[in-house]
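In terms of our numbering, the numbers along the first sequence are unbroken and rise by one, the last being 574. C-beta: ideal position from N, C-alpha, C; glycine also.
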Amino acid sequence: MNKTPEPGENRSLNFIETIIEEDLKNNTYGGRVHTRFPPEPNGYLHIGHAKSICLNFGLAEKYRGLCNLRFDDTNPEAEDVEYVDSIKEDVQWLGFQWHKELYASDYFEQLYDWAEMFIREGKAYVDDQPADVISQQRKSPTEPGVESPFRDRSIEENLDLFRRMRKGEFAEGEKVLRAKIDMRSPNMHMRDPIMYRILHKEHHRTGNQWCLYPMYDWAHGQSDFLEGITHSICTLEFEVHRPLYDWFLDQITTDTYRPKQREMARLNLNYTIMSKRKLLKLVKEGYVKGWDDPRMPTISGFRRRGYTPESIRTFSERIGVAKRENVIDTAFLEHCLREDLNKRARRVMGVINPVKITITNFPEGQTEWLDAVNNPEDPEAGTRKVPFSGTLYIEQDDFMEEPHNKFYRLSPGREVRLRYAYFITCREVLKDDQGNITEILCTYDPETRGGDSPDGRKVKATLHWVSAEHALKTEVRLYDRLFRNENPDDVSEGEDFTVHLNTDSLQIKEAFTEPSVQGAKPLTHYQFERLGYFNVDPDSTPEKMVFNRTVTLKDDWAKIASKS
RNA sequence: UGCCCGAUGGUGUAACUGGCAACACGUCUGACUCUGGAUCAGAAGAGUCUAGGUUCGAGUCCUAGUCGGGCAACCA
């Protein structure tokens, strides 16, 4: 069997691992495995990048290899240090450490030297034509391209022109350097691809040192080569670039060592979008509050939302790696999240839609501090004290005046348990003039302190609650999916993905929580019992805690309720 | 009309050199429970894009199609 034992999980190899193990067996790279994660610093990383990060760094870990973080910064127009910083933070947050932090711009000089070599060998030429003419000459995929009239310039003239391009003697767009390959190639990328364009732009690292910038195809494979990369993993759309990737490498070296490009399908998630351009639009046009808005599929968004790096890594591992297009169900990501949070999140009680309960037979003015378990999944987490008194809040949903048969929470005459506290029985319901419930009067059984009845009496429901007098007023931000449509790109003529935006994706509420959460640090995870996982938002102040609802608990009752 | 990929339950991913299609999510039952959570047990759901062929035997090999995606930025 094609299996490799792994800690925790035992799964078969994905196609890239199969290739690597084959290379290891054949000693293709002297036993080396060296990958790289090559983001362009022109935006924030999203969950799709997380898949690539986990793959590249994960492969290096698994095969005791190395993984570089390499910024693909060949286009100064959109790139910025702000993005470099956020990318580094995100990679580290996911729990990975790069072997080296590198930049394609580190290789500008070497790339330039090779380009001159190309010219001297008659493999590259300076083209004076404007972009639209070059584009037209390339023709369409179904017909051969036309050669540029500048294609056969002399080596001397090319060299002179290219050097003057570097010196800044020409305006943007005036000249480009092209590789001389084959204008009739059925592969568009081989039709004399552009290697350099003139850009009089300041670069975030090289400043004004250059006005000549290499194109992706010219920079990427060469960077891989210079770094000793063995397996260069990218997404499917680069498949047609591979012949060019290999061609460039063939020109610069006769070594047997070659980095090899492999393509995998990118991650798609339903009910969300993954395009950087579209995410930018959401930010720029104010549909969300920023790149790290908890509704965004960015890594920083997930972090702020309360996702754990472990859950994202587990997710990335389990979705697998293949070449076919795929759309992963967001429910699967949420499953990985809940699985992780269930083990680590401390439980607390908080009430979001309160209704007042008065315990009529509870001693007036008295407070009792009851023991509550912090995490039933983790005995090490210990216990805490929770204040109980005669005036409480419970969730409106936990009371029904005329319950139907499946509802077994509080209702008139019925006894339920208050978690870690007492059994209470509903005696009377008070209403205002409009008939809205204003207060529920209950009695409690002092014998059931802690939540168990000495006579073995059973109740069907256990409710969470909070003591009114002791409750902390907090803000909770309830998030829902950003898009109503499973595929936000599924739009009719003239529309764009924003038509599917869920206008109700954020609901801000005031909630009452038990006092123990006061002062918790931003990003601390909690489970609000029976409601969901929440985490502390950085917007929290000493006066007002702010919580993000990361994800609800699985809720079978909600299914039953929605059916009836 | 060219070139390059891909196609397995609703969704993902598996199935060593051909040997009864498996796992996970989701869905549905039930058990248990001081969270209608967690946990546990079980069920339904594909005969592997189509048609031929090779073979005792094909998801795996061959042929021809079909469908889907990508490729014509001085973006990556």
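Check                                                                                                                                                                    : Outcome
Could you check whether Val556 and Glu457 sit closer than 7 Å to each other, using their CB atoms as the reference points?                                               : no
Evaluate Gly542 with the Cβ neighbour count: other Cβ atoms within 10 Å of its Cβ, from every protein chain shown; 16 or more gives buried, anything less gives exposed. : buried
Which of the three DSSP states, helix, strand or coil, is assigned to Tyr489?                                                                                            : strand
Which residue's Cα is closest to the Cα of Lys61: Leu343, Tyr135 and Trp301?                                                                                             : Leu343
Report the three-state DSSP secondary structure of Cys64 (helix, strand or coil).                                                                                        : helix
What separation, rounded to the nearest whole angstrom, lies between the Cα atoms of Leu171 and Val136?                                                                  : 7 Å
Assuming Thr318 contacts Asp350 (C-beta within less than 8 Å), just tell me the rounded distance between them.                                                           : 5 Å
Could you spell out where the alpha helix (DSSP H) holding Ser127 opens and where it closes?                                                                             : Rather than Ser, the amino acid found at residue 127 in this sequence is Met. Its alpha helix (DSSP H) spans residues Phe118 to Arg130.
What runs of the beta strand (DSSP E), each 3 residues or longer, lie entirely inside the segment 151–198?                                                               : 186–189
Roughly how many whole angstroms lie between the Cα atoms of Pro151 and Arg201?                                                                                          : 10 Å
How should Ile322 be labelled, buried or exposed, when 16 other C-beta atoms within 10 angstroms of its C-beta is the threshold for buried?                              : buried
According to the neighbour-count rule (16 or more other Cβ atoms, all chains shown, within 10 Å of its Cβ), is Leu440 buried or exposed?                                 : exposed
Start and end of the beta strand (DSSP E) containing Ile447?                                                                                                             : Ile447 to Asp455
Give the DSSP bridge partners of Leu79, in chain order.                                                                                                                  : Phe47 and Glu111
Give the DSSP bridge partners of Ser477, in chain order.                                                                                                                 : Leu402
Pick helix, strand or coil for Ile283, following the three-state DSSP scheme.                                                                                            : coil
Whole angstroms are fine: how far does the CA of Asp499 sit from the CA of Lys291?                                                                                       : 14 Å
Go ahead and pull the three-state DSSP assignment for Arg356.                                                                                                            : strand
With distances taken Cα to Cα, identify the nearest neighbour of Pro470 among Lys177, Leu428, Ala141 and Asp303.                                                         : For the record, residue 470 in the displayed sequence is Lys; it is not Pro. When only C-alpha atoms are compared, the closest one is Leu428.
So the alpha helix (DSSP H) Lys35 belongs to, where does it begin and stop?                                                                                              : Phe25 to Asn36
Counting C-beta neighbours from all protein chains within 10 Å, is the total for Val331 16 or more, i.e. buried, or is it exposed?                                       : buried
From Asp82 to Asn52, what does the alpha carbon distance come to, in whole angstroms?                                                                                    : 10 Å
On the CB-based measure, 16 or more other CB atoms within 10 Å of its CB, does Thr282 come out buried or exposed?                                                        : buried
Just to confirm my understanding: we take Glu111, look at its own chain, exclude 5 residues before and 5 after, and list those with CB closer than 7 Å. What are they?   : Leu79
Beta-carbon separation of Leu473 and Asp408 under 7 Å?                                                                                                                   : yes
Name, in chain order, the residues that DSSP records as bridge partners for Asp137.                                                                                      : Val186
Name the one or two DSSP bridge partners that Pro364 has.                                                                                                                : Glu405
Just reading off the alpha helix (DSSP H) that Ser310 is part of, what are its end residues?                                                                             : Ile309 to Arg315
Return helix, strand or coil for Lys341, following the three-state DSSP convention.                                                                                      : Here residue 341 is Ala; the residue named in the question, Lys, does not match the sequence. Ala341: helix per DSSP, three-state reduction.
Can you tell me whether Asp303 is helix, strand or coil according to DSSP?                                                                                               : coil
What are the residues that DSSP puts in a beta bridge with Ala275?                                                                                                       : Answer is none; Ala275 lacks a bridge partner.
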